[in-house]
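Q: Numbering follows the numbering used here, in which position 45 of the sequence shown is assigned residue number 67; successive positions increment by one, without gaps. Okay, here's the structure, questions in a sec.
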Amino acid sequence: MTAMTKGVLCAANQWTPLATGKAKVLALIRTPSGSGYIKTGADTPLGAPDPDAAEGDATFDFFPIAWRQPVSLAFDDASTNLYFYPDGDAPVAVSVIME
Numbered sequence: 023m024t025a026m027t028k029g030v031l032c033a034a035n036q037w038t039p040l041a042t043g044k045a046k047v048l049a050l051i052r053t054p055s056g057s058g059y060i061k062t063g064a065d066t067p068l069g070a071p072d073p074d075a076a077e078g079d080a081t082f083d084f085f086p087i088a089w090r091q092p093v094s095l096a097f098d099d100a101s102t103n104l105y106f107y108p109d110g111d112a113p114v115a116v117s118v119i120m121e
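Next comes the structure, spelled out in structure tokens:
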């Protein structure tokens, strides 16, 4: 499988797919001082991330990431998608390498 690099501009206040149907993913926020949340799943997540939600609530299940903190993920199959939700009211650019 050939690796691919792309930039993704993630709009504020919504989940944006970073990688769909890829088994290996490396993601890094490009926007200086940017931060946000990642989540995996087959479908686009519903609801904004909420660190104050109750454990077990779908809005509580996310992984925070920040500028200059790369995230590397490997899945057993290529059916898991990776989504990003910017923290704040500004879009955030994310670099993604996937295979």
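All C-beta atoms, glycine included, are put in the ideal place defined by N, C-alpha and C.
1. On a CA-only basis, which of M120, A45, V114, Y107 is nearest Q36? Give me that one, please.
2. Which runs of the beta strand (DSSP E), 3 residues or longer, sit entirely within the segment 33 to 121?
3. Apply the 10 Å Cβ neighbour rule to T38 and answer buried if 16 or more other Cβ atoms are within range, or exposed otherwise.
4. Per DSSP, what kind of secondary structure is T27 in: helix, strand or coil?
5. Using the beta-carbon count (16 or more within 10 Å), is G58 buried or exposed?
6. Which residue's Cα is closest to the Cα of K44: D109, P73, L104?
7. Ignore the nearest five residues each way along the sequence and tell me which others in A1's own chain have a CB closer than 8 angstroms to its CB.
8. Can you list, in chain order, the residues of its chain whose CB lies under 7 angstroms from that of G110, leaving out five sequence neighbours each side?
9. How should M26 be labelled, buried or exposed, when 16 other C-beta atoms within 10 angstroms of its C-beta is the threshold for buried?
A: Taking the definition as stated:
1. Y107
2. 38 to 41, 46 to 51, 57 to 63, 85 to 88, 93 to 96, 103 to 108, 114 to 120
3. buried
4. strand
5. buried
6. L104
7. There is no way to answer for residue 1, as the model of the chain reaches only from 23 to 121.
8. A34
9. exposed
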